[in-house]
Amino acid sequence: MLELQHVSFGVNEEGQNKEILRDINLTIPDGNLTVITGPNGGGKSTMAKLIAGIIRPTEGKILFNGEDITEMSITDRARAGIGFAFQQPVRFKGLQVFDLIRLATGSKLSSVDACKYLSEVGLCARDYINREVNSSLSGGELKRIEIATVLAKGSQLSVFDEPEAGIDLWSFQNLIKVFEGMRKNIKDSSILIISHQERILNIADEIVVLSDGKLISHGPKDEIMPSLAGTMSAVKRCGKDVSLEGGEG
Amino acid sequence: MLNLDATSDRLLAEVADLHKVPVGAFNIRANGKAVARNSSANIDIVPKENGSGIDIKIKPGTKNESVHIPVVMTASGIKEIVYNDFYIGEDCDVVIVAGCGIDNCGPKDSEHDGIHRFFVGRGSKVKYVEKHYGSGDGAGKRILNPGTEVYMEEDSYMEMEMTQIKGVDDTVRDTKAELGKGARLVVRERLMTHGNQNAVSNYRVDLNGEGSSADVVSRSVARDDSYQKFDAVLTGNAACSGHTECDAIIMDNGRILAVPGLEANNVDAALVHEAAIGKIAGDQLIKLMTFGLTEQEAEEQIINGFLK
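Respectively, the protein sequence lines represent chains E and R. Letter 195 of the first sequence, counting from 1, is numbered 912 in the numbering used here, and no numbers are missing. Letter 182 of the second sequence, counting from 1, is numbered 224 in the numbering used here, and no numbers are missing.
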């Protein structure tokens, strides 16, 4: 279980303190799929980074399974059972896809096992396993490899920052299958997804809406979805399918 | 086996992956003397008359054969220059494994300067693998100054894989190549320096024949207080294509100077150079740390991958 208690995060810009997140209180229970949504610049990605330990809150506490992890390093949080899929996956010169999956599992791994994770994200394993994770891979390929590494890590809590961005050539349904498979295969695992895709919101147990650094609403999907519906149908009319908004850095 | 000491055996394994007497032609040199030599039906190894090195003569049409010519030095204070000439006949396909390992536990410098010349016959394909390695904790330096000259005839192909990962204090590598019509040269250099080491790598590649091409790529890491210089000049004297790339990671107080140079003397010469130097990207470290690696473990993995 993950708990955020009165978490705030601010940055100093040109001598002015700018609050990105303000007094967030949130609990993600075990075995739960929560989707965080809301407009651009609302603080969603910041929240994901705070959970993974990439940045530290300026105020408040983060607890994981009852333990205060606020000051814990990225490494220790990963070891405690937190996984993180970057919105913009990192490229590495020299490291191969197999290396990345092997490092994610933290143990010796046969290439057959590594291939399973690639197949799950719809990549023909044979073609990718020995590829370098460099600029020869497209953004969409990298994104799927990123998701495969989080699958391979098999964390108790996996955080995905906009997993749908750039996977246009892969069926959306497969991405949803990946999340469903994770819930089934990792006991008591929870998944936290930052997204503004209606189809991802639809598989959520709970939805959190963040706007302007504040938690606007949080509750079961069926309760929250109607309040978002107006925004979504407006976007749909623009012919942009189901996106509420664009990406967030 | 060869009745060498344990250190020499270890060095042979490091620089030439040799764990026993190799199959085929070989010449093993230890502490300034040839300790084992074997010619095969197609590959003849002959000592030069003045004793300065060996000639390796590969008969035309020799395919799928290899030559091993490793050098090991375990005595402190030896300085030697060795001249080895490779005459590769037409239409061959061979692998040449060189390499030098120095273990210096003494107070005096140990130096091996291997000067290799390759005459690659028409249509031949050569893979050259050279690994340099140093060990030992003596005050004496481990110095390696390889000189390589490559003369490539029409439609020949040469791939050079040159690695120096650890323990060599001082090195100046000079590589020159002249390419004839349709010849192709591929160089992959991997270099890591640490401590107070110095490494200079100079390449001069002349693309003289129509349709010739060269691809010279160096990946290197400079740690601690070490210094590296990569100086690669491609000269296009005909309709040809050339690419040179220096990709380097600096850590601690490491310093690197990259001097890519291109000279086009023919309007149909297409030459490209790329050079990038920088520290390990923070995002790369963070990504591996989200797998549970420490920052140091992440650094090691990134460097190992980079130099692979």
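Each residue gets a CB set at the ideal place from its N, CA and C atoms; glycine is no exception.
- Distance check between residue 933 of chain E and each of E:770, E:840 and E:743 places E:743 closest, using alpha-carbon atoms only.
- Contact between residue 786 of chain E and residue 779 of chain E is confirmed by a C-beta separation of about 5 Å, below the 8 Å threshold.
- When C-alpha distances from residue 801 of chain E are compared across E:809, E:746 and E:791, the shortest belongs to E:791.
- Following the DSSP letters along the chain, one finds residue 722 of chain E in no alpha helix (DSSP H) but inside the beta strand (DSSP E) bounded by residues 719-730.
- Listed as beta-bridge partners of residue 227 of chain R by DSSP are R:200 and R:256.
- With its beta carbon less than 7 Å from one in chain E, residue 326 of chain R belongs to the interface.
- By alpha-carbon distance to residue 98 of chain R, the top candidate from R:92, R:80 and R:105 is R:80.
- Interface criterion met: the Cβ of residue 331 of chain R is under 7 Å from a Cβ in chain E.
- Between residue 900 of chain E and residue 750 of chain E a beta carbon distance of about 6 Å is seen, short of the 8 Å cut, so the two are scored as contacting.
- Taken atom to atom, the span from the alpha-carbon of residue 773 of chain E to that of residue 728 of chain E is near 11 Å.
- Here residue 316 of chain R carries a strand assignment [DSSP, helix/strand/coil].
- DSSP places residue 336 of chain R outside both helix and strand once states are collapsed to three, so it counts as coil.
- For residue 792 of chain E, a Cβ of chain R is located within less than 7 Å of the residue's own Cβ.
- Restricted to the region 881-934 of chain E, the alpha helix (DSSP H) segments that are unbroken, complete and at least 4 residues in length are 889-902 and 915-918, listed in chain order.
- In this structure residue 754 of chain E touches residue 912 of chain E by the C-beta definition: roughly 6 Å separates them, less than 8 Å.
- Secondary structure note for residue 837 of chain E: its alpha helix (DSSP H) is the uninterrupted segment 828-837.
- Residue pairing from DSSP leaves residue 805 of chain E without any beta-bridge partner.
- Check the Cα spacing between residue 45 of chain R and each of R:68, R:69, R:65 and R:77: the tightest is with R:77.
- Residue 297 of chain R: member of the beta strand (DSSP E) spanning 297-306, first to last residue.
- In the three-state reduction of the DSSP assignment, residue 740 of chain E falls in the strand class.
- Between residue 196 of chain R and residue 224 of chain R, the CB-CB gap stays under 7 Å.
- For residue 821 of chain E, the neighbours in chain R by C-beta distance under 7 Å run, in chain order, 333.
- Using a 10 angstroms sphere on the CB of residue 89 of chain R, the tally of other CB atoms stays under 16, which defines it as exposed.
- Within chain R, the C-beta atoms nearer than 8 Å to that of residue 816 of chain E come from 343 and 347, in chain order.
- Secondary structure of residue 733 of chain E (DSSP, three-state): strand.
- Secondary structure at residue 101 of chain R: coil, using DSSP grouped into helix, strand and coil.
- Between the alpha carbons of residue 726 of chain E and residue 766 of chain E lies a gap of roughly 11 Å.
- Below the 9 Å Cβ cutoff, chain E contributes 810 as neighbours of residue 289 of chain R, in chain order.
- Around residue 835 of chain E, the same chain offers 842, 845 and 865 as residues with beta carbons nearer than 6 Å, after the five sequence neighbours per side are excluded.
- Distance check between residue 856 of chain E and each of E:883, E:875, E:863 and E:877 places E:883 closest, using alpha-carbon atoms only.
- By the CB criterion at 7 Å, residue 300 of chain R and residue 280 of chain R fall outside the cutoff.
- For residue 870 of chain E, the enclosing alpha helix (DSSP H) begins and ends at 856-870.
- For the set R:208, R:146 and R:327, the Cα lying nearest the Cα of residue 234 of chain R is the one of R:208.
- Between the region 59-75 of chain R and the region 114-129 of chain R there are three or more inter-stretch CB-CB distances shorter than 8 Å, so the stretches are counted as touching.
- Cβ neighbours of residue 245 of chain R within its own chain (closer than 6 Å, five residues either side excluded): 217, 258 and 274.
- By the criterion of a C-beta distance shorter than 6 Å, residue 68 of chain R is surrounded in its chain by 80 and 110, once the five residues flanking it on both sides are discounted.
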